[in-house]
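Participant: Before I ask anything, let me first share the structure, which is written out below as structure tokens.
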Amino acid sequence: MVAPNPLDVISMLPDFLLILIISCLPFKEALRTSVLSRRWRELYREVRNISFNEVQILRTYDNIEDQQTKRARFVQYMINWVSNYAGGVIESFELSFSRPVGFEAEMQVLIEFAAIRKVKNLLLDFSERRWANREAVERGEAENMIQMPESFYRVTTLVTLKLLACRFDPSKLAEAGSIERLYFGWMQVMLIMPLLSKTPLLESLHIKNCWQVGLEAITGYNNRLSRLVFKNCGFAVQSSTLELPNVEVFKYSGKVHRFGFKNVNERLDEVSLDFRQERSYHDGLGTQLCDLLSSLSSAKTLMVCPFLLQVIQVRNQLKRVKVDMEARQMVLMANLEPQEFIGISYMINSCPFLETLTFQLLVSRPVQMAAPEVDPDTYWMLTITQHYFTRYETLKNVEIWNFGAGTHELQVLKYLIGLCRELERVDLYMPLGHSESQMESIRAAAELVGETFDRASDRLTVYLHESMF
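The sequence shown begins at 1 in UniProt numbering and counts up by one.
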């Protein structure tokens, strides 16, 4: 018996099921189904997940055309496509088109199309991939950004809203009660408070490279919020109060902003604090950052930056955060220079349940501040005699990324290997771009660590991981 052709079996399905199947494909693949047969020729025009991505589409155009001609062709293609759309309600609409100056009317037509079709998941990205400086974008690009049309504010079906590089008034969104995920990038977010007051189902909030962020507070009204991420934002308020009973992930990178935390989830999974953009120190900053750590003490995974490691040393008379940090895994972004040593030991002493300690080595600039003098040759030996040994009894794994076998790296390793009685493995990851002679020197140092360093654990193994590129 001849087995049936799989395509014939699929073709026996009714159109509405075929449309559901096609809608599960990436949009580019969904378009390709139009060549399968005469029946399939028009089905793709009813897909419920639509994605127009400038970068992907322009690659298919003739290379002899200039970029502006390609962009104009792409815009016309999008307008024609939505004009001939034969479906009804759509699940998702994604539009990625950088700096649409000169195409404002067409962009509004596309946004209105999504609004009329009662879209649930909307992504509009008008940012430029080469943008790097938020302040420069605010000065030079903000006035030319697309204005969201009035029809958008009447949408009542949104579940996911992701907006980049457009002008949007959050207070005008008439109905936001179904929104679960919000993402804003490269835009002003001054009036976010009225929007948050309408989103009781909100689970995820990302604000990246935005300015004039008017976030005064997140209250218990948004108690379903589980993921909160800030990156390189300029705030319009001096401080923000965050009530986060169900938060699982909190990530912040940018200049120091004053947060007050209330009712933080005891099962907080991950916290990342990166203040490498900060350039200045002032009195009280060390205390502020230590209080921040205390507020987030329930985090099971904790990542902190070199700026924090340097600044919290002014609190060294306490030797540790005032409450036990519950971190099982801690990542220290560091240069392993003497100005970070006090902060490193401070953080380790604050984590009595720590099992994995990771150093991500990077180059960072010293903070201009008055700091205690540290003798790198004696500091770690003195630390052994002065600090609490119990803080090291749970540590099982130590990792160093970009291991270069520098003197200070070896000093820290000797300290940890000689003190941690439950240590099972040390993983050393070599950096990229080193010459063969440099790599040979690192290999020799790793061998020295594994064979000659005094160890408190008889179960310890040292591994060296070489780059594959």
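By construction, the Cβ of each residue, glycine as well, lies at the ideal position given by its N, Cα and C atoms. All of these numbers come straight from a predicted model, not from anything done at the bench.
1) Just list the residues that DSSP pairs Trp211 with in beta bridges.
2) Is Leu228 buried or exposed, if buried means 16 or more other CB atoms sit within 10 Å of its CB?
3) With the cut-off set at 8 Å, would you say Tyr252 and Phe235 are in Cβ contact?
4) Can you find the residues in the same chain that come closer than 8 Å, C-beta to C-beta, to Glu451, ignoring five residues on each side of it along the sequence?
5) Of all the options Val237, Leu163 and Asn246, which has the alpha carbon lying nearest to the alpha carbon of Leu202?
6) From what residue to what residue does the beta strand (DSSP E) around Thr253 run?
7) Going by C-alpha to C-alpha distance, which of Leu464, Gln68 and Leu95 sits closest to Met78?
8) I'd like the span of the beta strand (DSSP E) that includes Thr358, first residue to last.
9) By DSSP's criteria, Asp274 is part of a beta bridge. Which residues make up the other side?
10) What does DSSP give as the partner residues of Phe259 in its beta bridges?
11) Taking the alpha carbon of Trp211 as the point to measure from, which residue in Phe168, Glu424 and Leu158 has its own alpha carbon closest?
12) Can you tell me which of Gln329, Ser240, Val82 and Tyr221 puts its alpha carbon nearest to the alpha carbon of Val271?
13) Does any residue of chain D have a CB that is nearer than 8 Å to the CB of Val323?
14) Can you find the residues in the same chain that come closer than 6 Å, C-beta to C-beta, to residue 480, ignoring five residues on each side of it along the sequence?
15) Could you tell me the distance, in whole angstroms, from the CA atom of Gly404 to the CA atom of Arg181?
16) Looking at the structure shown, is Thr160 part of a helix, part of a strand, or coil, going by DSSP?
17) For His408, which three-state DSSP category applies?
18) Quick check: the region 48 to 55 against the region 88 to 102, are there 3 or more CB pairs under 8 Å?
19) Which of the three DSSP states is assigned to Ile146 in this structure?
20) Nearest-angstrom Cα distance between Phe307 and Leu336?
21) Comparing alpha-carbon positions, which option in Phe152, Ser178 and Asn144 lies nearest Thr160?
22) So Trp401 is in the beta strand (DSSP E); what residue range does that whole segment cover?
23) Please classify Tyr379: is it buried, with 16 or more other beta-carbons within 10 angstroms of its beta-carbon, or exposed?
24) Work out the CA separation of Phe184 and Leu195 for me, nearest whole Å.
Facilitator: Checking against the coordinates, here is how it stands:
1) Gln188
2) buried
3) no
4) none
5) Asn246
6) With the sequence shown as reference, residue 253 is identified as Ser, and Thr is not the correct amino acid for it. Residues Val249 to Ser253.
7) Leu95
8) Thr356 to Leu361
9) Ser253
10) Ser240
11) Phe168
12) Gln329
13) As a matter of chain content, chain D is missing from the structure shown, which is built from one protein chain.
14) With the chain covering 1 to 469 only, the question about residue 480 has no answer from this structure.
15) 41 Å
16) strand
17) helix
18) yes
19) strand
20) 12 Å
21) Ser178
22) Asn397 to Trp401
23) buried
24) 13 Å
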